[in-house]
Structures are given as structure tokens and as C-alpha cells.
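Line by line, the protein sequences are chains S and B.
Residue numbers for the first sequence follow this note's numbering, beginning at 1 and rising by one.
Residue numbers for the second sequence follow this note's numbering, beginning at 407 and rising by one.
Every residue gets a Cβ at the ideal spot worked out from N, C-alpha and C, and that includes glycine.
For clarity, every value in this text was computed on a predicted model and none was experimentally measured.
The next block holds one structure in the form of C-alpha cells; read it before the comments.
Number of protein chains: 2
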Amino acid sequence: MIEDLDFSMRVRKIDGIVGYGETTLADPDLTYVVGGTLARGGFYFKKCGRPPLLVVSNLDYGSAKRSGRVKRVQTLTQWGYEKLQKEYAGRDEASPRLVAKILRKEGISGRVVLFGRNDLAKALRFAQTLRRLGVQLVGERPPTVVETARDTKERHELESLRDVGKRTAKIVDRLLQSLHNATTKRGHLQVGEKRATIGLIKSHVASMLAAEGLSAPEGTIFAVGASGADPHNAGDPTAEIKKGRLIVFDIFPQAENGYWSDLTRTFVLGRADSKAREMFETVRQAQGDAIDHLRAGVTGETSMNRACDVIERAGFETVRGLYTGREKRITSGFIHSLGHGVGLTIGESPYLSFNSRAPLKAGEVVTVEPGVYIPGYGGVRIEDTVLIKSKGIEILTPIENELELS
Amino acid sequence: MIEDLDFSMRVRKIDGIVGYGETTLADPDLTYVVGGTLARGGFYFKKCGRPPLLVVSNLDYGSAKRSGRVKRVQTLTQWGYEKLQKEYAGRDEASPRLVAKILRKEGISGRVVLFGRNDLAKALRFAQTLRRLGVQLVGERPPTVVETARDTKERHELESLRDVGKRTAKIVDRLLQSLHNATTKRGHLQVGEKRATIGLIKSHVASMLAAEGLSAPEGTIFAVGASGADPHNAGDPTAEIKKGRLIVFDIFPQAENGYWSDLTRTFVLGRADSKAREMFETVRQAQGDAIDHLRAGVTGETSMNRACDVIERAGFETVRGLYTGREKRITSGFIHSLGHGVGLTIGESPYLSFNSRAPLKAGEVVTVEPGVYIPGYGGVRIEDTVLIKSKGIEILTPIENELELS
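Structure representation (C-alpha cells):
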């Protein structure tokens, strides 16, 4: 929560944080502190224990005010930016001069952290100039002050995450419905007189995403049969879709306000064979068991162990073997971790893995996504995005989970 | 062109450049040197005068090899990254240790530039550690070495830009066709029995974008009537669409491989009044005249002056008044610059403005987008993305331009 900034800054002896960027696009930290999007970006200042200040272009003043997260919004012009630009253009120093000036006025004189996603070639020059002007810049190790705040979600963030989760579930539900109703011919999914391809399915999904106001900047996975054994195989667009094959459909859309969701269902058209059924039941049970025992106070490591227990009991390998040193390398079974945080990014702290020994906190949002993969055959992964609560969890991607679409 | 890297490095006395990031998403420089997308990002090294080296995760090795732009691709594992992680995890130094190790092996011992979009809080610590390990880091002023290379486009980039331009033009053409064929009732655009809203038009555009494999991460402008007088007003989604009003439709999609296009058409449903016609003819002539005289060797300033000549002759104000000191402030007429570069970003060098005194170069891609705006009434902007050639230009967004859809 944004309120955590002061505590983290105090603990780390940081007097001020300064975020900047030319846009909030693809910049989770800047989007977070600003509480919305700024087309031209801006400069964010916060002294420890004091309310923040946001300095933006005239163009973005209205949207910054409307976002309401930062009460004190001022314009670059108010701070004489154009004059600085004239004076220091030749030395390319207008921006660091502006920052140094505002830092002085805000009474920030101790250690300062810069944040925001920027090109390093220019940022290192920016930092160098700030240091020359007497600013005491320090770097951070992860999780940074802003990342720490982003970890537990605020009420308005949960509303956004619930909303994008529901829209994501709706798209998956619709796709499963239309696959359920579709015809097959000689064992292949048909669209009209033609065989459907993965590319066609994906363009249908893309249209549904657009209609819901969502985008998928990192793509969508629709992997059929053996290709689903590789968790990162997004599916060959030219491939046709055969009955009876395992299909891994993993969708991770982002809403306009920057929040993501992550949802995977695995299914077959028609009847599944016994191997597919066994994999599916194992993964379903592993996910159910992990979810049943998830709540604030539990560690990611414990959840991971729980999922591995179920999967190993069913006779599949898991990555636990690598951690205990029992195995050097595993190629089938549960070959990844159980989950990761979701918010303004699609892969952030906390992680549900063997390296996660910190207790989960209420307000964290994570994926729970066990999987079982058999090279040459296929994969099953079942994933939901869930909110950690003091007692149990809340599923943010509410949708049924059935193996056979028949 | 990527071949320009060596020349720029030599001129600036830079011995090596190092790009890194957790992803190539929203990182134009890293996408450019890698020549494609890497899901998990990676590390790019280039010593002046030598071929580059790309070090990526096992997961991205295949796609990095397939891209083919960097011949020498190696994995993090080959460089002992996991071992470094174990050894330096506590000090969070695995990555800078890896970079220092590769710099030594590549014989890069002089001045080094870091690039790539990264969170500055962590990047400053990264840089600090590298310096402690003896690496001589320097910052850059814009345009940086990589930005300079990106300025003139290579053949494969032009193919991408032509392709995204054509797909963008197709979408605009289709939308204009369907608006042309649509019915109106009591002066309002109808969809079935209901009045169409801007929101509805935009979701239709979003679906067409999706079907073309394009996205619009920065949105789309569809501004009707008076709201079009503000060039940044994206259009109120709840607003209805009246006949006879000027409509500014500005679309700037990005293809999956990172390349953008930028296209604006202004039109009215039904008949335009004389003011709209006068604005339209003025802007069309200004654009035509600017385009007719555009070629390598001309400066952005000259093009801007040419557009201002046409627009002022028609009796409208232009920003030229601000530059000559004749005006303190202008609120109507041609209130922005003539254009900007387009490539892996939607706003880069070169600019067609009064600050652009460098001659344009063959291979640069820019927008040509004059506009005339009248507060309280509306705006006209006509924009194409064009390639600068030694003799004239090539239009990358080929589509008709008519005021009245009737």
C-alpha cells in the first residue's frame, strides 16, 4: 500500500524518492505512485513523512488532478522549466536542474532514490549531473521502496484486479462455449467449411479482448498436443486443432489502467484419453489443495511443497527434486514454480516457490498455477489469480474448470 | 542503421556498449539491437569495431538465434550465471558480476555506455557495483549511440513500417467505408435502432486492430466537433456523433514486432459547412505542399515554414509567431509542429519543427501532420507517415483523403 512508502523510507534512511519518465506506459512504479496514466509522464517527489508532489506538463495537469492520488499537482511551467530549458539546453541539464531545484524547495537533503523505467544511457548522465549539483543519490536492491509498497494491494487496486479478472474469465468462458458448440470433421475443429487454425482462434480471442477493453502485450498461449509440454510454447498459428488433444489456453491481459490478470484452463475437444485425465485430475487436485491452504501467514515455500506432495503422490516428478539435490535435471512433471504476484506487472513479488520463505500477507495477489508436462505428449496447467486474505483467499478469475468440451 | 554504431562509438570515444533488460517489451533500443523480442530479455555487448554478443536465458536462445541479427548468441548458463547467483545472491551482485566478466572476455576496457529501459532504483545500484568492479561507465546526452543508429531505417525495418502502414490504412479505409454506408436519423449516426457513440466506434476500431494483429497501447483519437479543437482530446466515449461536425480520427497502432504507424484523417458525416471546407482545404494544401518538397537534405525547419506559409496565407495563425516573437501565445490555427520520427517508438528524432536545423536523411521515417484548430468549433488534421528518400518521399500510409462522407 502507498502508505508503506514512509515506513520503508525510514527503515532504509531515505530522505526522498524521485520518480520520473516520459510516459507512465510500461512503467509500473510511476503508474502506481501517480495513480493513473500520464501521456507525457512527469516528475514525482516525496520527502519521508510528507505528502508527495507531482509536476507534469500542462497537457497532463487535468488527468493528474482527476486521478486524485497525489493532491499536490503542479506544472512544469510553474517551476520555470521552459526557462531552464533555454538556459541549460546546450548542456542538456534542464531536467536535473529542475529536479535539484524542487528537491531543495521540498526540503529533501538526505539520501535520495530515483525510480521509474528510463533509458540508462541518458539516466546515468542525469544521475551524474544531479550528484554534481549536490544530490546524494543511492541505488536500491530489490524489493525497492516502491516495489515494497506495491506488494500489498489497496482497495482501488483490488477493484481493478477483480474487474480485469472477471473480464478475463468472461473471455475464456465465451471461447470455451464456442469451442463446445463448434463442429468437428474427421477429428478436426471446423470453421464453416475450413479447418480452424490456432491463428484463427487467437484472432478471435484478440477481438474479444478488444471488445472488453483489454490488451495482451505479452501474447496469449494456445498450445495443442505435444507443444503444450513446453510451458512457454505459445502455439503455432498455422497448426490445426485435433479432437482428443490436450489444449493449454493461458491468457494474461492488461486493462487500460495497467492492471493485469492471469488465467489458464486446459481442456480437450471431445473425449480425453486416460493419460490426459490422470494429468488433469492430478493438477486440479494440486491446485485445489494449494488454494485450500493458502492464506496470510503461509509461506510460498509451504504452498509449493503442498502442490508437489499431490503431484508426486500421483507418480509425476516435480522441481522439488532439484532443491533437495535428489535430481540433477527434470524434463517432465511439474517443472516450474506454483505462482507469482500480479498487479501492475504480470510477474512480481511474492512468488510461490522454494525460494519464498517470507509469510504471505493479506492484500497480496498471486497466481496459483500447478502444471504437469509430458514431452512428446502434452501439458496440463490450471491457473487462477487469487487474493490472499487473513482467512483463506478470494478467486479473482471465477470460471468453471472441466476437461472435456463435449 | 545498425552499421552506424561503430562510427558513433568511435566519434564519442566509447569502447563498448552494454544493453540489458528483463524484457524487450516497451524497450525500443534493446528490441533494435536484438532484432526481435526476447520474453526474458538479456544482455547485449558490443565492443567498438567488433561484432556483438547476445547472452540470454535458455528459454530465449532459440528466438534469439532465429532473429539472426546477432550472430553470436550464448546462454546465461554458459557464462556461469547460476553459479554467480549462488555466490553473490546475498549482495545482489550476480548481474553486474556477469557483465564485468563478459566485458573482460570481450576486451572492453575503455569507456562503456549502458542502455535499455530499466527501473532506476535498481539500475543505479547496478551501475555503482560495475564501477566498483573497475568498469568505466559514462552517460550520454540524446541522441545516444543507439538512438543515432535507429534514426535511419534499414531495409527490414522499412518492410515492417510499410506493412504496419498498409494495415493501418486498411483499418481507416474500412471504418470510413462503414461510416459512409451507415444510416443517420435526426442528424445522428445510428447503429441499428440506437444512436452510435464514440465508445462504440472505438471498440469497432479495436476489433479491427486485433484482427490485423495490431495493438494501440497509447489509444486512438476519435474527436467530434469542438473537442477536436484540442489535438490531444481522444474523444468522450459516451458522446454521440452528429452529422456535419468535423471528426478527427488519429490512429497510431503498433505491430507485434514493435514498429508503429501514425495516420490521421478528418471528415464529416454528410455535408460540411464552409468553415470546415476552408480549414480542410488549407490543411490539405499545407500537407501536400510540405510533402511535395520533402526529401533528403531539406531541414525540418524548412518543411515547417512551408506548411506555415500555406496556413498563414489562408488567414490562420501558426506557431511561427511564437518563434519570431511576433506572438506571445496562440490559441487557434496551426498550434503544433509538422511531424516527428516513427519507428520502434511513436515519437522520436527527426522532428519537423522550428528547432530542426539538421538536414533530413534518406531512410528517416516521419509523420507529416499539419492541422488547424478553432476552439469552440473543431479541428482538422491530416497526417501520413512517410519515408524520406534522396528524391522525394514514399507514403507509408496509402489512403484517400476526402472531407465529406456522403
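Where does residue i fall in DSSP's three states?
i	result
F740 (chain B)	strand
N524 (chain B)	strand
S215 (chain S)	strand
G19 (chain S)	strand
F413 (chain B)	helix
Y259 (chain S)	coil
F532 (chain B)	helix
V368 (chain S)	strand
F249 (chain S)	strand
V319 (chain S)	coil
R12 (chain S)	coil
E147 (chain S)	helix
T590 (chain B)	strand
V786 (chain B)	strand
L793 (chain B)	strand
R72 (chain S)	strand
Exposed or buried, which one is residue i when buried takes at least 16 other CB atoms within 10 Å?
i	result
Q78 (chain S)	exposed
V417 (chain B)	exposed
A216 (chain S)	buried
P776 (chain B)	buried
H340 (chain S)	buried
T574 (chain B)	buried
G16 (chain S)	buried
D698 (chain B)	exposed
F316 (chain S)	buried
Q583 (chain B)	exposed
A495 (chain B)	exposed
D250 (chain S)	buried
P457 (chain B)	exposed
E157 (chain S)	buried
P253 (chain S)	buried
In the DSSP assignment, the alpha helix (DSSP H) including residue i goes from what residue to what residue?
i	result
L504 (chain B)	500-511
P28 (chain S)	28-34
I62 (chain S)	Residue identity check: residue 62 (chain S) is Gly in the sequence provided, not Ile. Segment 58-67, the alpha helix (DSSP H) holding G62 (chain S).
E684 (chain B)	680-698
Determine whether the Cβ of residue i lies closer than 8 Å to any Cβ atom of chain S.
i	result
V778 (chain B)	no
N524 (chain B)	yes
P395 (chain B)	Lying outside 407 to 812, the shown extent of chain B, residue 395 (chain B) is not represented and no answer is given.
F521 (chain B)	yes
K576 (chain B)	no
L530 (chain B)	yes
E808 (chain B)	no
L482 (chain B)	no
Q534 (chain B)	yes
S584 (chain B)	no
Using a Cβ cut-off of 8 Å (strictly closer), state whether residue i contacts chain B.
i	result
T144 (chain S)	yes
D163 (chain S)	no
H336 (chain S)	no
L137 (chain S)	yes
D29 (chain S)	yes
Going by beta carbon distance, what residues of the same chain come within less than 6 Å of residue i, once the five residues before and after it are set aside?
i	result
E301 (chain S)	F354, S356, R357
I805 (chain B)	A575, V578, D579
D695 (chain B)	R712, V716
G297 (chain S)	P359
I'd like the span of the beta strand (DSSP E) that includes residue i, first residue to last.
i	result
L669 (chain B)	669-675
Q484 (chain B)	Taken as a continuous stretch (DSSP letters only), Q484 (chain B) belongs to no beta strand (DSSP E), as it is neither H nor E.
A223 (chain S)	220-224
K572 (chain B)	Not the beta strand (DSSP E): K572 (chain B) falls in the alpha helix (DSSP H), residues 561-587.
K46 (chain S)	42-47
S349 (chain S)	348-352
G706 (chain B)	Note, G706 (chain B): premise wrong, no beta strand (DSSP E); alpha helix (DSSP H) at 706-719.
V597 (chain B)	594-597
Return no unless some Cβ of chain A is closer than 8 Å to the Cβ of residue i.
i	result
P96 (chain S)	Looking at the structure shown, chain A is missing, and the protein chains on hand are S and B.
Counting only the same chain and skipping the five closest in sequence on each side, list residues whose C-beta sits under 8 Å from that of residue i.
i	result
A39 (chain S)	T23, L59, D60, S63
E278 (chain S)	A314
By Cβ distance, which residues of its chain are closer than 7 Å to residue i, with the 5 residues on each side in sequence left out?
i	result
K391 (chain S)	R295
S109 (chain S)	D15
Y438 (chain B)	V552, R556, L750
L853 (chain B)	Shown here, chain B extends from 407 to 812; a query on residue 853 (chain B) therefore has no answer.
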